[in-house]
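Engineer: Dropping a structure here in structure tokens format, bear with me for questions.
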Amino acid sequence: MKDRFYTIGMAGHIDHGKTALTKALTNIETDRLKEEKERNISSELGYAPLKINAELEVSIIDVPGHERFIRQMIAGVAGIDMVLLIVAADEGIMPQTKEHIEVLSFLRIKRGLIVITKIDRVDEEFIELVKEDIKIHVEGTFLEQAPLALVDSISGKGIDELIHEIQIVLEDIPGRSCSYQGPFRLPIDQVFTVHGQGTVVRGTAYEGTVREGDILEILPQGDKVRVRQMQVHHQAKKEAQAGQRVALNLGGLSKDMIHRGDVLVSSNQFSSTNIIDISLQTVNVLKLPIKQRSLVKVHIGTAQVVGTIVFFDRNQLEEKEEVLCQVRLNEPIVTKRGDHYILRRPTPSEIIGGGTVIDPYGKRFRFGEETVRLLARKKEGTPSERISDALKEHKFMSIKQLVEQTSLIEEVVIENIQVLLKQGDVIQFIEGQYMTSEIYNEITGIVQLDLQEYHLKFPMRIGKKKAEIIQSLKSYVPQKSAEVIIDQLIKEKK
180 MKDRFYTIGM AGHIDHGKTA LTKALTNIET DRLKEEKERN ISSELGYAPL KINAELEVSI
240 IDVPGHERFI RQMIAGVAGI DMVLLIVAAD EGIMPQTKEH IEVLSFLRIK RGLIVITKID
300 RVDEEFIELV KEDIKIHVEG TFLEQAPLAL VDSISGKGID ELIHEIQIVL EDIPGRSCSY
360 QGPFRLPIDQ VFTVHGQGTV VRGTAYEGTV REGDILEILP QGDKVRVRQM QVHHQAKKEA
420 QAGQRVALNL GGLSKDMIHR GDVLVSSNQF SSTNIIDISL QTVNVLKLPI KQRSLVKVHI
480 GTAQVVGTIV FFDRNQLEEK EEVLCQVRLN EPIVTKRGDH YILRRPTPSE IIGGGTVIDP
540 YGKRFRFGEE TVRLLARKKE GTPSERISDA LKEHKFMSIK QLVEQTSLIE EVVIENIQVL
600 LKQGDVIQFI EGQYMTSEIY NEITGIVQLD LQEYHLKFPM RIGKKKAEII QSLKSYVPQK
660 SAEVIIDQLI KEKK
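See the structure below:
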């Protein structure tokens with residue numbers, strides 16, 4: 180069997196036993212900072228490997244439970260494959276438990292286990308009451324049918340049974356090394372310096388493979404770096420894959436040149452963006468309406484960025500609803516179609532909702548139903564439709580540009596382009612450069628009409644200068660594209 184790599188997130192209210200359970204499962208203390216140990220409160224993400232069997236390589240992320248550290252919590256669970264929702268037997272469901280369930284649901288986490296901890300502190304009757312409380316709060320969520328485990332992390336009671344339950348759930352999840360092929364992408368959640376080694380970054384690899392010696396790009400800065408060394412849970416590796424927790428020792432930069440929220444990529448298929456088109460699903464009850472052009476905090480990958488929400492069919496959002504809208508960001512981020520995000524209101528601080536990125540490279544659209552219909556087509560579009568829509572918007576594109584704009588992998592773009600070429604919906608001018616037949620015919624008509632009018636106005640002249648025709652097309656296509664079109668029309672004797 181091929182090795183499979185998974186990341187499990189711990190979630191739940193503060194002091195419900197996430198860190199203690201992580202230690203019971205892995206024998207590793209994830210509270211590293213002095214203040215964490217003194218106050219017995221996790222404020223940063225903690226990581227530990229969980230050994231199940233030879234084929235399953237599992238990383239556990241222990242996230243903070245305090246509401247003040249919600250950014251760290253979201254950054255930690257953004258890349259997980261399953262979650263352990265931790266509920267203390269002596270307290271039951273608490274405010275942060277509810278908030279964490281909301282976050283996990285909006286991030287489209289699909290698999291999980293519910294773990295009742297500290298069972299030695301209460302009697303059987305009270306545990307039954309806690310079970311009923313949990314059942315009520317997970318109803319209608321992805322955790323509604325989740326298995327439930329009872330443990331005491333100090334005595335070790337129930338730990339072996341929990342590991343067995345984790346294995347059963349993981350066996351049913353496709354390994355990311357198989358299902359997330361493509362260019363390497365790693366959102367960074369930790370940056371630090373190792374004496375004598377230089378800058379080290381950590382994160383969960385979202386997709387692709389990275390090897391020692393690879394040249395990567397830091398986005399949104401655009402700096403190039405080389406992977407000197409890498410580790411997976413303190414074990415030196417020559418290669419790491421999607422789904423693994425990776426620490427990369429990077430050459431060519433100092434610690435202050437890279438931050439949590441930045442992204443390491445191996446390909447120019449990724450670039451930064453300031454406008455994202457989104458599908459937004461709000462929480463069940465909004466404390467206050469979300470007004471047009473309100474400031475929001477966007478959590479995507481490990482990044483947190485402030486932006487302005489823009490609606491196209493309303494001036495405010497008052498109740499639970501799915502809305503197609505846009506966020507215009509104050510700082511650039513790196514994302515792709517299909518990524519999940521969380522929106523929070525800065526003041527009063529609360530989760531507004533979350534959803535999916537429809538288009539990572541949004542444009543400024545007009546208010547109105549026509550824009551909403553366009554966003555709906557983007558959301559539901561097949562690969563061919565997404566390619567066609569991108570070509571209609573940009574008119575003249577290469578394979579590389581199509582990959583970037585549609586967030587499809589290169590193989591899918593090439594496959595669908597071939598189909599569109601055969602159908603006559605797309606025209607190829609030069610190798611790797613494409614345009615829809617509709618736009619080509621439209622521009623051909625403009626050029627021919629322009630020449631007809633020119634000959635009628637100046638019948639004694641030989642013809643119009645090529646540069647003048649290209650200039651007249653500047654509002655339709657870039658100059659280089661216009662030149663290619665003119666050359667094609669000459670070749671076709673039109």
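The sequence shown maps to residues 180 to 673 in my numbering.
Every residue gets a Cβ at the ideal spot worked out from N, C-alpha and C, and that includes glycine.
1) Could you pull out every residue in the same chain whose Cβ sits closer than 8 Å to the Cβ of Lys653, ignoring the five residues on either side in sequence?
2) Taking the C-alpha atoms as reference points, what is the distance between Arg580 and Pro228?
3) Per the DSSP calculation, Thr535 is bridged to which residue(s)?
4) Could you round the C-beta distance between Val294 and Ala268 to whole angstroms and report it? I think they count as a contact, below 8 Å.
5) Roughly how many angstroms lie between the CA atoms of Glu214 and Phe575, to the nearest whole one?
6) Going by CA-CA distance only, name the one from Asp402, Glu647, Glu281 that's closest to His192.
7) Report the rounded CA-to-CA distance for Val266 versus His195, giving the unit in angstroms.
8) Note down the Cα distance separating Lys297 from Gln346, rounded to an integer number of angstroms.
9) Could you please give the first and the last residue of the uninterrupted alpha helix (DSSP H) stretch that includes Ala646?
10) Can you say whether Phe637 is buried or exposed, counting buried as having 16 or more other CB atoms within 10 angstroms of its CB?
11) Taking the CB atoms as reference points, tell me whether Pro362 and Val513 lie closer together than 8 Å.
12) Pair every Cβ in the region 505-521 with every Cβ in the region 474-492, then say whether three or more of these pairs are closer than 8 Å.
13) For Pro657, which three-state DSSP category applies?
14) Counting C-beta neighbours from all protein chains within 10 Å, is the total for Lys202 16 or more, i.e. buried, or is it exposed?
15) Between which residues of its own chain and Phe558 is the CB-CB distance below 6 Å, once the five residues before and five after are set aside?
16) Looking at the structure shown, is Gly225 part of a helix, part of a strand, or coil, going by DSSP?
17) Determine the DSSP secondary structure at His634, reduced to helix, strand or coil.
18) If you follow the beta strand (DSSP E) that Asp194 is part of, which residue opens it and which one closes it?
19) Does the region 402-414 come into contact with the region 425-432, if we say contact requires no fewer than three beta-carbon pairs (one atom in each stretch) closer than 8 Å?
20) For the beta strand (DSSP E) that contains Arg381, what are its first and last residues?
21) Does DSSP put Pro511 in a helix, a strand or coil?
22) Within a Cβ cutoff of 6 Å, which residues of the same chain sit near Ile288, ignoring the five residues on either side of it in sequence?
23) Along the chain, where does the alpha helix (DSSP H) containing Thr276 start, and where does it finish?
24) Does the contact criterion of 3 or more C-beta pairs under 8 Å hold for the region 534-548 versus the region 445-454?
25) Leaving aside the five residues before and after Ala415 along the sequence, list all residues of the same chain whose C-beta is less than 8 Å from its C-beta, in chain order.
26) Assuming Thr487 contacts Val506 under a Cβ cut-off of 8 Å, what Cβ separation, rounded to an integer in Å, is found between them?
27) Find out if the Cβ-Cβ distance for the pair Ile530, Gly440 is shorter than 8 Å.
28) Please state if the CB of Leu365 and the CB of Leu443 are separated by a distance shorter than 8 Å.
29) Grab me the residues of Arg218's own chain with a C-beta within less than 8 Å of its C-beta, minus the 5 sequence neighbours each way, in chain order.
30) Using the three-state DSSP reduction, which class does Asp339 fall into: helix, strand or coil?
31) In angstroms, rounded to a whole number, what distance separates the CA positions of Glu318 and His279?
32) Under the rule that 16 or more other beta-carbon atoms within 10 Å means buried, what is Lys515, buried or exposed?
33) Run through the DSSP bridge pairs and tell me what Ser451 is partnered with.
34) Straight-line CA distance for Ile397 to Val389?
35) Over the uninterrupted beta strand (DSSP E) stretch that includes Gln423, give me the two end residues.
36) What residue from Gln324, Ile352, Ile315, Asn620 has the CA that sits closest to Leu235's CA?
Structural biologist: Checking against the coordinates, here is how it stands:
1) The residue given as residue 653 occupies position 474 in the sequence shown. Spatial neighbours of Lys653 in its own chain (CB-CB distance under 8 Å, excluding positions within 5 residues in sequence) are listed in chain order as Ala661.
2) Translated into the one-based positions of the sequence shown, residue 580 becomes position 401. Translated into the one-based positions of the sequence shown, residue 228 becomes position 49. A quick correction: the sequence has Gln, not Arg, at residue 580. Looking at the two C-alpha atoms, the distance is approximately 39 Å.
3) The residue given as residue 535 occupies position 356 in the sequence shown. DSSP lists Ser458, His519 as partners of Thr535.
4) The count along the sequence shown starts at 1 and reaches residue 294 at position 115. The count along the sequence shown starts at 1 and reaches residue 268 at position 89. The beta-carbon separation of Val294 and Ala268, rounded to 10 Å, does not stay under the 8 Å limit for a contact.
5) Here the question's residue 214 lines up with position 35 in the sequence shown. Here the question's residue 575 lines up with position 396 in the sequence shown. In this predicted model, Glu214 has a pLDDT of only 47, less than 50, meaning its place in the structure is not dependable; the value taken from the coordinates is given anyway. Cα-Cα distance, rounded: 56 Å.
6) Within the sequence shown, residue 192 is the residue found at index 13, counting from 1. Residue Glu281 is the option with its Cα nearest to His192.
7) Position 87 of the sequence shown, counted from the start, is the residue given in the question as residue 266. Position 16 of the sequence shown, counted from the start, is the residue given in the question as residue 195. One C-alpha to the other measures close to 6 Å.
8) For the purposes of this step, residue 297 is taken as residue 118 along the sequence shown, with counting starting at 1. For the purposes of this step, residue 346 is taken as residue 167 along the sequence shown, with counting starting at 1. Rounded to whole angstroms, Lys297 to Gln346 spans 22 Å at the Cα level.
9) Translated into positions along the sequence shown, residue 646 becomes position 467. Judged by DSSP secondary structure, Ala646 falls within the alpha helix (DSSP H) whose first and last residues are 645-651.
10) Taking the first residue of the sequence shown as position 1, residue 637 is located at position 458. Counting Cβ neighbours within 10 Å, Phe637 comes out exposed, since fewer than 16 surround it.
11) On the sequence shown, position 183 is the one that residue 362 refers to. On the sequence shown, position 334 is the one that residue 513 refers to. In this structure, Val513 does not lie closer than 8 Å to Pro362 by Cβ.
12) As far as the Cβ criterion goes, the region 505-521 touches the region 474-492, which means the pair count is three or higher.
13) As a working note, residue 657 is residue 478 in the sequence shown. DSSP places Pro657 outside both helix and strand once states are collapsed to three, so it counts as coil.
14) To locate residue 202, count along the sequence shown from 1; it is residue 23. Lys202 comes out buried.
15) Locating residue 558 in the sequence shown gives position 379, counting from the first residue. It is worth fixing the name first, because residue 558 is Lys in this sequence and not Phe. So the qualifying residues of the chain are Ser458, Ile537.
16) For this step, residue 225 is matched to residue 46 along the sequence shown. Strand, per DSSP.
17) Along the sequence shown, one-based indexing puts residue 634 at 455. In the three-state reduction of the DSSP assignment, His634 falls in the helix class, which pools H, G and I.
18) Here residue 194 is taken as the residue at index 15 of the sequence shown, counted from 1. Where Asp194 is concerned, there is no enclosing beta strand (DSSP E), because DSSP gives it neither an H nor an E.
19) These segments touch.
20) The residue given as residue 381 occupies position 202 in the sequence shown. Here the beta strand (DSSP E) through Arg381 covers 377-383.
21) On the sequence shown, position 332 is the one that residue 511 refers to. If DSSP states are grouped into helix, strand and coil, Pro511 belongs with the strands.
22) By 1-based counting over the sequence shown, the position of residue 288 is 109. So the qualifying residues of the chain are Val262.
23) For the purposes of this step, residue 276 is taken as residue 97 along the sequence shown, with counting starting at 1. Thr276 -> alpha helix (DSSP H) spans 274-285.
24) Of all C-beta pairs linking the region 534-548 to the region 445-454, three or more are shorter than 8 Å, placing the two stretches in contact.
25) Counted from its first residue, the sequence shown places residue 415 at position 236. Result list for Ala415: Gln408, Met409, in chain order.
26) In the sequence shown, residue 487 corresponds to position 308, counting from 1. In the sequence shown, residue 506 corresponds to position 327, counting from 1. Right, the Cβ-Cβ distance comes to about 7 Å (below 8 Å), so this counts as a contact.
27) Here residue 530 refers to the residue found at position 351 when the sequence shown is read from its first residue. Here residue 440 refers to the residue found at position 261 when the sequence shown is read from its first residue. No, these two residues do not count as a Cβ contact at 8 Å.
28) Numbered from its first residue, the sequence shown carries residue 443 at position 264. Numbered from its first residue, the sequence shown carries residue 365 at position 186. In this structure, Leu365 lies closer than 8 Å to Leu443 by Cβ.
29) What you label residue 218 is simply residue 39 of the sequence shown in a count that begins at 1. Its pLDDT being 45, under 50, Arg218 is placed unreliably in this model, and the coordinates cannot settle the point.
30) Position 160 of the sequence shown holds residue 339. Residue state, collapsed to three classes: helix.
31) Residue mapping note: residue 318 aligns to position 139 of the sequence shown, counting from 1. Residue mapping note: residue 279 aligns to position 100 of the sequence shown, counting from 1. When rounded, the distance between both Cα atoms is 15 Å.
32) Here the question's residue 515 lines up with position 336 in the sequence shown. Under a 10 Å Cβ-count criterion, Lys515 is classified as buried, with 16 or more other Cβ atoms of the shown protein chains found around its own Cβ.
33) Walking along the sequence shown from the start, residue 451 turns up at place 272. BP columns for Ser451 point to Val513.
34) Translated into the one-based positions of the sequence shown, residue 397 becomes position 218. Translated into the one-based positions of the sequence shown, residue 389 becomes position 210. Cα-Cα distance, rounded: 14 Å.
35) One-based indexing of the sequence shown puts residue 423 at position 244. DSSP places Gln423 in no beta strand (DSSP E); its state is neither H nor E.
36) For the purposes of this step, residue 235 is taken as residue 56 along the sequence shown, with counting starting at 1. Ranking Gln324, Ile352, Ile315, Asn620 by Cα distance to Leu235 puts Ile352 first.
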